[in-house]
Amino acid sequence: MKKPARNPSRAVANGPGQVRVIGGRWRGSKLPVVDSAGLRPTPDRVRETLFNWLAPVIDGAMVLDLFAGSGALGLEALSRGAASAVLVERDPVLAASLLATTQRLQGGHAARVVQADAMHWLPTQPRASFDIAFVDPPFATGLLEPALAGVLPLMRDGAWLHVEGPVDEPVTLPGTWSLHREGRTREVRHALYRHRPVLTAGDGTRAGVDTLPIDPARPDVPDLERFAQ
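Under our numbering, the first residue of the sequence shown is numbered 2, with each subsequent residue one higher.
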C-alpha cells in the first residue's frame, strides 16, 4: 500500500538530497534528506521566516519536532539556541538518519530522537513539557486535528506552536491560543500561534519561554529511542 504523500513543500522530485542549517552555531551544516515517501524538509525561505519570528524566544527553549522527517526544524531550533529538542519520527530509516545526524553535530546530544508513531507517543508524555512545537503531519491523512489535540496539553503557558498544512484545511485551537503570524503558498499554509499564559494571584506578567536546562546525566552521544506501541 502506498504511503500517504507528505506535505507538498516537502516533496522530493529527484530522490535523496540535502538541506542546510541556515542560522546559528551549525549554520551551513548539511542535513541528509532520505528518499522516503517523497519527503523533503520545509524550504529554506519558510524556515528563515519562521525562525525570524521565533528569534526573541528561541534561546533556552524546549522544543518538540513532531513528524520530524529530516529534523530540519528541530535541529535549526537547536542551532539557534534552544536548550533541547525531541524529534519524533515513525519511519525507522528516517529516524536512523536523524540519529546519525545528531551524533556528528557538536552539541547534538541536546537532541533526543524517538522512533514512534506520533499519535501513540503523545498521550504518554508529561503535560506542560514544551515551549515550542512544530506540527507538520503528512497531507491527506486526517492527522492534523488529532495531532494538535495531542500536542496542546504538552505545551507550557506562553508557548509557541507552528502548524503547517494544506491551505484548505482549517486549524481550530482553543481560545487561549492566538494567531501570531502566517504565510502561504498556493498549496501550503504555515502559521505560528501563541498560547496566552494563565496567570495566578501574584504572578503579574510572565515571559513566554522559560529556560529549561539539559539533563547533565544524558550521554554526549544519544541513542535512538524506540517507543513501544
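For every residue, glycine included, the Cβ atom is placed at its ideal position computed from N, Cα and C.
Throw me the rounded Cβ distance for the residue i and residue j pair, which I believe falls under 8 Å.
| i | j | result |
| --- | --- | --- |
| Ser85 | Ala111 | 5 Å |
| Thr43 | Leu74 | 6 Å |
| Val189 | Glu165 | 6 Å |
| Gly168 | Arg157 | First, the residue type needs correcting, since residue 168 is Val and not Gly in the sequence shown. The pair is not a contact, with the Cβ atoms about 29 Å apart (cut-off 8 Å). |
| Val35 | Val94 | 6 Å |
Could you tell me whether the Cβ atoms of residue i and residue j are closer together than 8 Å?
| i | j | result |
| --- | --- | --- |
| Ala119 | Leu99 | no |
| Ser179 | Leu106 | no |
| Leu51 | Leu155 | no |
| Val115 | Val89 | yes |
| Leu67 | Trp161 | no |
| Val20 | Ser80 | no |
| His196 | Gly159 | yes |
| Leu32 | Gly82 | no |
| Val87 | Arg113 | yes |
Does DSSP put residue i in a helix, in a strand, or in coil?
| i | result |
| --- | --- |
| Val13 | Unreliable positioning characterises Val13 in this predicted model, as indicated by a pLDDT of 39, which lies under 50. A coordinate reading is not provided. |
| Phe140 | coil |
| Ser130 | coil |
| Phe52 | helix |
| Pro44 | coil |
| Ser179 | strand |
| Arg81 | coil |
| Gly75 | helix |
| Gln107 | coil |
| Val87 | strand |
| Gly205 | In this predicted model, Gly205 has a pLDDT of only 47, less than 50, meaning its place in the structure is not dependable enough to derive any value. |
| Ala96 | helix |
| Glu170 | coil |
| Ala117 | coil |
| Glu188 | coil |
Have a look at residue i and residue j and give me their C-alpha separation to the nearest angstrom.
| i | j | result |
| --- | --- | --- |
| Ser130 | Asp137 | 19 Å |
| Ala97 | Ala150 | 27 Å |
| His163 | Gln104 | 26 Å |
| Leu145 | Phe135 | 12 Å |
| Gly18 | Asp45 | 14 Å |
| Asn53 | His191 | 14 Å |
| Arg147 | Thr173 | Looking at the sequence provided, one finds Pro at residue 147 rather than Arg. Between Pro147 and Thr173, the C-alpha separation is close to 11 Å. |
| Ala78 | Gly108 | 13 Å |
| Met63 | Asp132 | 5 Å |
| Leu123 | Pro175 | 18 Å |
What residues match up with residue i in a beta bridge as DSSP calls it?
| i | result |
| --- | --- |
| Gln19 | Pro33 |
| Phe135 | Asp66, His163 |
| Leu193 | His163, Arg182 |
| Ala112 | Ala86 |
| Met156 | Phe131 |
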